[in-house]
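As they're listed, the protein sequences go chains Y and R. Here this note's numbering is used: the first residue of the first sequence is 1, the next is one more, and so on. Here this note's numbering is used: the first residue of the second sequence is 1001, the next is one more, and so on. Heads up, the beta-carbon is just placed ideally off N, CA and C, and yes, glycines get one too. Predicted model, so just to flag it, every value in this text is computed and none were measured. The structure appears right after this line, and notes come after that.
Protein chains: 2
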Amino acid sequence: MAGRPSIFDEEKVLEKARELFWTRGYEATSLDQLLEAMGLGKSSFYHAFGSKKELFEKIMDRFVNDAIHRLAADLPIHPHPIERIREFFRGIASSPSHLHRKGCFMGNTVVELINTEHSLSARAAKKLERLEELFRTYIAAAQRSGELQTKEDPAVLALYLLTVWNGLNITRRVHPNPEALRPLIELQLQFLK
Amino acid sequence: MAGRPSIFDEEKVLEKARELFWTRGYEATSLDQLLEAMGLGKSSFYHAFGSKKELFEKIMDRFVNDAIHRLAADLPIHPHPIERIREFFRGIASSPSHLHRKGCFMGNTVVELINTEHSLSARAAKKLERLEELFRTYIAAAQRSGELQTKEDPAVLALYLLTVWNGLNITRRVHPNPEALRPLIELQLQFLK
DNA sequence: TTTATTTTGTACCAATTAGTACAAAATGCG
DNA sequence: CGCATTTTGTACTAATTGGTACAAAATAAA
């Protein structure tokens, strides 16, 4: 227990790497771009993170998607969880355009890597399943509490919401304007009543 | 008007290339993989297609997404166009698993290249807009003919269907089984009445 | 059969890819 | 201090990336 102290703050350096991976994807993010953004030398990088792939895995596990994370944190303390879910989706419409272009980190990863780096794609898919589970849990609870009247199977409704999320994250790339997205989202949310 | 005859059938060779691009994506498909699959030498390749990027553009323009193409061909001759659209979506559930893994060529392209090869991503986005227009046209017609009772704005309904399509093409990667997809799709189609 | 035209095969290229080897530097502990 | 331990910087690799140069091959028309 001694050794030369490391210069970098792991938290900050991972954040920089995530930003790059999120916007450019896995393959299109080169090691040199990572090193530059993280402010690390090659030696420190490999010593600390092992490989590009391991770094990517670590980032997926740590941050998941910001949005998912925030939602998961908010739901248990919200008096009307379903309303919080509605806000989750409504927020998409008013996002700044650079967020439209980034879309969903996990969705992007599933799409990009499913036939080339399947283990990474599957790992991302599991995060999306966690989001789906989150939806299912709170939908079921809301049906019991009376916040939701619908008799639809919570599992199907949850999968529906996941698909809305996935769909919006492509559609918002095609139509990055709130005027198009807002009525679309309101329509989609009509199943949540 | 003379010259050495070319060995390859352009149609077949483009089909091979599309298959590769569709499953692996743009970046992850190397020139060597293309040459091998197409059965061409480098010289013939560059002479005939210019560059990897131009080839990709040509393929996008020519084939678009198979599914979109077939739908666009069927709709004008179908007695109940909306029912044809429903079948379009129901077909997803019963697709073989290799199609689940491929997803939508244009959706994949929008996602992969939006921050790295923006012109290609935008080109793909335009194809998706064509699909959206197709939906809008036939929804509006069905409202006039009485096949649809809903009073929802055809533009919003069309964007909704595009988003369902986009969403399913990610969700089907996470849940490639018909038992999960079928009730989901039926739920989503309830707006089409 | 020459000639213009087009396609093809081979060799080559500079740049970039992810990743390693290894010694020097910087610490805490005994 | 001196030593074990850890992190860092520099140099180096082997493989792969997309793309070019150029001459040989194969044709149709004159």
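According to the DSSP assignment, R:Gly1041 belongs to no alpha helix (DSSP H), since it is labelled neither H nor E. Residue contact check for R:Thr1171 against chain Y: a CB pair falls below 8 Å. Secondary structure at R:Ser1051: coil, using DSSP grouped into helix, strand and coil. With a threshold of 16 other beta carbon atoms within 10 Å, Y:Leu31 falls short and is exposed. Chain R has a Cβ within less than 8 Å of the Cβ of Y:Val164. Shortest Cα-Cα distance from R:Glu1132 to any of R:Thr1171, R:Trp1165, R:Lys1042 and R:Pro1096 involves R:Trp1165.
The DSSP-derived three-state label of Y:Leu71 is helix. C-alpha of R:Asp1009 to C-alpha of R:Leu1134: approximately 32 Å in a straight line.
The three-state reading of DSSP puts R:Gln1190 in helix, counting H, G and I together. At a Cβ-Cβ threshold of 8 Å, R:Met1060 and R:Lys1127 count as neighbours. Check the Cα spacing between Y:Asn177 and each of Y:Ala125, Y:Ser94 and Y:Glu186: the tightest is with Y:Ser94. At a cut-off of 8 Å, the C-beta of Y:Pro183 has a neighbouring C-beta in chain R.
Two segments are said to touch when three or more pairs of C-beta atoms, one from each, lie closer than 8 Å; by this definition the segment 1170 to 1189 of chain R does not touch the segment 1135 to 1143 of chain R. Taking the C-beta atoms as reference points, Y:Arg18 is found no nearer than 8 Å to Y:Phe49. In this structure, the alpha-carbon of Y:Ala73 lies about 18 Å from that of Y:Leu162. Neighbourhood of Y:Asn108 in chain R, by CB distance below 7 Å: Val1111, in chain order. Annotated three-state conformation of Y:Thr29 is coil, per DSSP.
The C-beta of R:Ile1170 has 16 or more other C-beta atoms within 10 Å across all chains shown, which makes the residue buried. Non-local beta-carbon contacts of Y:Ser121 in its own chain, meaning distances under 7 Å to residues more than five positions away in sequence, involve Thr109, Val110, Leu113 and Ile114 in chain order.
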